[in-house]
Amino acid sequence: MSGLVAYLDPGSGSMILQAIVGGVAAAAVVGKLYWRRFLGFLRIRKNDDR
Amino acid sequence: MIATERVADPSALPAELAESRVAAVLRHERVPFVSYPYEWTFGMLRDAALLELDLLLDALDEGLVLKDASPYNVQWRGTRPVFVDVGSFERLREGEPWAGYRQFCTLVLYPLLLQAYKGVPFQPWLRGSLEGIQPAEMRRLMGFRDRFRRGVLTNVILHARLEDRYADRDARRELRQAGFHAELIRANARKLRKLVRGLRWDAGRTAWSGYGEANPYDEADAAAKEEFVRSAAGARRSRLLWDLGCNDGRYTRIAAAEADYAVAVDADAGVVEALYRALRDEGAGTILPLVGDVADPSPGLGWRGEERRPLADRGRPDSVLCLALVHHVALSANVPLRELLDWLAGLDTALVIEFPTRDDPMVKRLLDRKGPGANPDYETETFERALGERWRIERREPLPSGTRILYRALPPS
Chain R
1 MSGLVAYLDP GSGSMILQAI VGGVAAAAVV GKLYWRRFLG FLRIRKNDDR
Chain V
1001 MIATERVADP SALPAELAES RVAAVLRHER VPFVSYPYEW TFGMLRDAAL
1051 LELDLLLDAL DEGLVLKDAS PYNVQWRGTR PVFVDVGSFE RLREGEPWAG
1101 YRQFCTLVLY PLLLQAYKGV PFQPWLRGSL EGIQPAEMRR LMGFRDRFRR
1151 GVLTNVILHA RLEDRYADRD ARRELRQAGF HAELIRANAR KLRKLVRGLR
1201 WDAGRTAWSG YGEANPYDEA DAAAKEEFVR SAAGARRSRL LWDLGCNDGR
1251 YTRIAAAEAD YAVAVDADAG VVEALYRALR DEGAGTILPL VGDVADPSPG
1301 LGWRGEERRP LADRGRPDSV LCLALVHHVA LSANVPLREL LDWLAGLDTA
1351 LVIEFPTRDD PMVKRLLDRK GPGANPDYET ETFERALGER WRIERREPLP
1401 SGTRILYRAL PPS
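Rendered as structure tokens:
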């Protein structure tokens, strides 16, 4: 196998899934992930309004 | 893990290695015979998966991670899986998920689920694509009821959906900012280990499982065959033995006692699985059971067809057993006898070969299905002449039933 760093595409969906299936420990991460996205979403809405 | 040592004095190395700028040079022990996941049984892929997950968990304890999860990184010493890719370990970067998870799904977990839940052999899928089964494909293979089976909802359905939705996003940064940590990798690896441990495949009664008891020839034939194989093997110790059409491994075991290493091949994954489990439970270290068909052997695959090699390119045997094989290749696969013998002669090895005559019940059954006049070249005289043209026949012995003949043949030189 190649010695390059990150020679394998981990896949974005596959990475997100790992946060979701982690049980209780994952809940906080997932909550934060989607909360941040939600805030981003609001900001975009705000920008759009202006 | 494969035994590995650091070469202290690089000047003793071949010039091209010693001159290149490398941080360190490692030397590995050699794997006796290279094999690929599409030649393994369910139990072998499952044990290889457990080895990878155990190594991942151990690596996490040391602040390391496996950067991939290719089952091609696992080889075998007999029935013991050996992880061969030392370069797969890298330092764990805080906040990053396991990069190998997707590969673990496509090349290891999905093939196992396919066989355990649907009863579909995974070998043709892995041989069909070196990338394995993609999440979206696997989702389509799962029926409504399969969604409720262990591991499917998350590792297949949700995985496929997220992959679809996040195709153009960089999740790495988002996850790090959200506080992803190594404990989540650990939790996921533990769950995967539990899932894989719980997977079962019941081989059932496949074509030849139980062939050993139900075969039409009697115990006298089997005893004579054992004696023949034992004496042939005892005449000269071999380095690498191939048993083609090994069935339950009864004769492999006898011949392997006089060989450094033996590769036992059969087209029926059910009998190979039974052999693997038996050998593994005994802790046997010199017989490697593989699924393979002489009439449809592993091809060269990948880049230039050279990443994965055909069987014969991975180590030539110096001794070959072909028991209860010739009639299947000649009559079921319609390979002319001379073609089969030409191929075997190309291996340039000592040979023990069994020829079931046209009077043999099994041969009759195969011929009856085809109608009168089928395979006219399938005659004892034709076979013997062709064998004699390519080998020096050392011993010829009809079995007590009178419908099978054993030959021990040596290369003419």
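If you read the sequences in order, they're chains R and V. Heads up: the first sequence at position 17 corresponds to 17 in this note's numbering, and the numbers run straight through without jumps. To get this note's numbering, take the position in the second sequence, counting from 1, and add 1000. No residue lacks a Cβ here, since even glycine has one placed at the ideal position from N, Cα and C.
**Request:** Measure the C-alpha to C-alpha separation of ALA1129(V) and TYR1117(V) and round it to an integer number of angstroms.
**Result:** Numbered from its first residue, the second sequence carries residue 1129(V) at position 129. Numbered from its first residue, the second sequence carries residue 1117(V) at position 117. It is Ser, not Ala, that sits at residue 1129(V) in the sequence shown. One C-alpha to the other measures close to 21 Å.
- Proximity winner among ILE1002(V), ASP1164(V) and TYR1261(V), relative to PRO1032(V) (alpha-carbon distances): Residue numbering aside, residue 1032(V) sits at position 32 when the second sequence is read from its first letter. Answer by Cα proximity: TYR1261(V).
Fill in: Distance, GLN1177(V) Cα to LEU957(V) Cα
The question about residue 957(V) has no answer, for chain V in this structure spans 1001 to 1413.
- Message: Let me make sure I understand the geometry here. Which of ALA1350(V), ARG1030(V), THR1041(V) and ARG1006(V) has the alpha-carbon closest to that of GLY1234(V)?
- Response: On the second sequence, residue 1234(V) is found 234 positions in, with the first residue counted as 1. Comparing Cα positions, the closest option is ALA1350(V).
* Asked: Secondary structure at TYR1261(V), three-state DSSP: helix, strand or coil?
  -> By 1-based counting over the second sequence, the position of residue 1261(V) is 261. Three-state DSSP puts TYR1261(V) in a strand.
- Interface flag, LEU42(R) vs chain V, CB-CB below 9 Å: Stepping through the first sequence from its first residue, residue 42(R) is reached at position 42. So, not an interface residue.
Is the CB-CB distance between SER12(R) and ALA1171(V) below 9 Å? Within the first sequence, residue 12(R) is the residue found at index 12, counting from 1. Within the second sequence, residue 1171(V) is the residue found at index 171, counting from 1. For the pair SER12(R) and ALA1171(V), the CB atoms are nearer than the 9 Å cut-off.
Q) Can you find a C-beta in chain R that's less than 9 Å from the C-beta of TRP1303(V)? A) One-based indexing of the second sequence puts residue 1303(V) at position 303. No - not a single Cβ of chain R is within 9 Å of the one on TRP1303(V).
**Asked** Just reading off the alpha helix (DSSP H) that PHE1380(V) is part of, what are its end residues?
**Response** The count along the second sequence starts at 1 and reaches residue 1380(V) at position 380. Reading the sequence as shown, one finds Thr at residue 1380(V) and not Phe. Per DSSP, THR1380(V) belongs to the alpha helix (DSSP H) from 1380-1390.
Counting only the same chain and skipping the five closest in sequence on each side, list residues whose C-beta sits under 7 Å from that of SER1332(V).
-> Position 332 of the second sequence, counted from the start, is the residue given in the question as residue 1332(V). For SER1332(V), where only same-chain residues beyond five positions count, the Cβ hits under 7 Å are LEU1366.
Can you tell me the Cα-Cα spacing of LEU39(R) and ALA1182(V), whole angstroms?
Here residue 39(R) corresponds to residue number 39 of the first sequence, with the count starting at 1. Here residue 1182(V) corresponds to residue number 182 of the second sequence, with the count starting at 1. Straight-line Cα distance between these residues: approximately 26 Å.
* On the premise that LEU1323(V) lies in contact with ASP1377(V), defined as a C-beta separation below 8 Å, what is that separation, rounded to the nearest angstrom? -> Here residue 1377(V) is taken as the residue at index 377 of the second sequence, counted from 1. Here residue 1323(V) is taken as the residue at index 323 of the second sequence, counted from 1. About 21 Å; that fails the 8 Å criterion.
Exercise for review: Reducing DSSP to helix, strand and coil, say where ASP1313(V) ends up.
Suggested key: The residue labelled residue 1313(V) in the question sits at position 313 within the second sequence. Three-state DSSP puts ASP1313(V) in a helix.
Review point. What residues from the region 1164-1177 of chain V come within 9 Å of chain R, judged by C-beta to C-beta, listed N to C?
Key: ASP1164, ARG1165, TYR1166, ALA1167, ASP1168, ARG1169, ASP1170, ALA1171, ARG1172, GLU1174, LEU1175 and GLN1177
Proximal residues, the region 1087-1113 of chain V versus chain R, C-beta separation under 9 Å: GLY1087, SER1088, GLU1090, GLU1096, PRO1097, TRP1098, ALA1099, GLY1100, TYR1101, ARG1102, GLN1103 and CYS1105
* Could you work out which residue in LEU1347(V), GLY1300(V) and ASN1334(V) is closest to PRO1317(V) when comparing CA atoms only? => Your numbering for residue 1317(V) matches position 317 in the second sequence. If we check each option's Cα against that of PRO1317(V), LEU1347(V) comes out closest.
Checklist entry - To which residues of the same chain is GLU1213(V) closer than 8 Å at the C-beta, ignoring the five residues directly before and after it? => result Position 213 of the second sequence, counting from 1, holds the residue named residue 1213(V). Confidence at GLU1213(V) is low in this model, with a pLDDT of 48, below 50, so its placement is unreliable and no value can be given for it.
- Test item: CB-CB of LEU1241(V) and ALA1259(V) under 9 Å: Position 241 of the second sequence, counted from the start, is the residue given in the question as residue 1241(V). Position 259 of the second sequence, counted from the start, is the residue given in the question as residue 1259(V). In this structure, ALA1259(V) lies closer than 9 Å to LEU1241(V) by Cβ.
Let me see if you follow: with CB-CB separation under 9 Å, is GLU1354(V) close to chain R or not? For the purposes of this step, residue 1354(V) is identified with residue 354 of the second sequence, where counting begins at 1. Answer no: the Cβ-Cβ gap between GLU1354(V) and chain R never drops below 9 Å.
(Q) Do ALA1048(V) and VAL1108(V) have their beta-carbon atoms positioned less than 9 Å apart in this structure? (A) Translated into the one-based positions of the second sequence, residue 1108(V) becomes position 108. Translated into the one-based positions of the second sequence, residue 1048(V) becomes position 48. Going by C-beta atoms, VAL1108(V) is nearer than 9 Å to ALA1048(V).
### Rounded straight-line distance, which links the Cα of PRO1037(V) to that of PRO1310(V)
Along the second sequence, read from residue 1 onward, the residue named residue 1310(V) stands at position 310. Along the second sequence, read from residue 1 onward, the residue named residue 1037(V) stands at position 37. Approximately 13 Å between the Cα atoms of the pair.
- [ ] Run the CB neighbour count on GLY1043(V), radius 10 Å, all protein chains shown included, and call it buried at 16 or more, exposed below.
- [x] Sequence index remark: in the second sequence, residue 1043(V) carries index 43 (1-based). Burial call: buried.
| request: For GLN1123(V), name the three-state secondary structure that DSSP assigns. | output: Residue numbering aside, residue 1123(V) sits at position 123 when the second sequence is read from its first letter. It is helical.
| message | DSSP has ASP1360(V) in a bridge; who is on the other side? | response | Position 360 of the second sequence, counted from the start, is the residue given in the question as residue 1360(V). According to DSSP, ASP1360(V) bridges with nothing at all.
Problem set entry | Exposure of LEU1026(V), with buried meaning 16 or more beta-carbon neighbours within 10 Å | Taking the second sequence and counting its residues from 1, one reaches residue 1026(V) at position 26. Exposed, because fewer than 16 other Cβ atoms sit within 10 Å of the Cβ of LEU1026(V).
Legend entry - Below-9 Å beta-carbon distance, GLY3(R) vs any chain V residue: Residue numbering aside, residue 3(R) sits at position 3 when the first sequence is read from its first letter. Bear in mind that the predicted position of GLY3(R) carries a pLDDT of just 40, short of 50, making it unreliable; the figure below should be weighed with that in mind. At least one chain V Cβ lies under 9 Å of GLY3(R).
| Buried or exposed: where does LEU1290(V) fall if 16 or more other Cβ atoms within 10 Å of its Cβ makes it buried? | Taking the second sequence and counting its residues from 1, the one referred to as residue 1290(V) is at position 290. By the 10 Å Cβ count, LEU1290(V) comes out buried.
Notebook entry, point to check: Taking only beta-carbon atoms, is LEU39(R) less than 9 Å away from chain V?
Noted result: Locating residue 39(R) in the first sequence gives position 39, counting from the first residue. No - not a single Cβ of chain V is within 9 Å of the one on LEU39(R).
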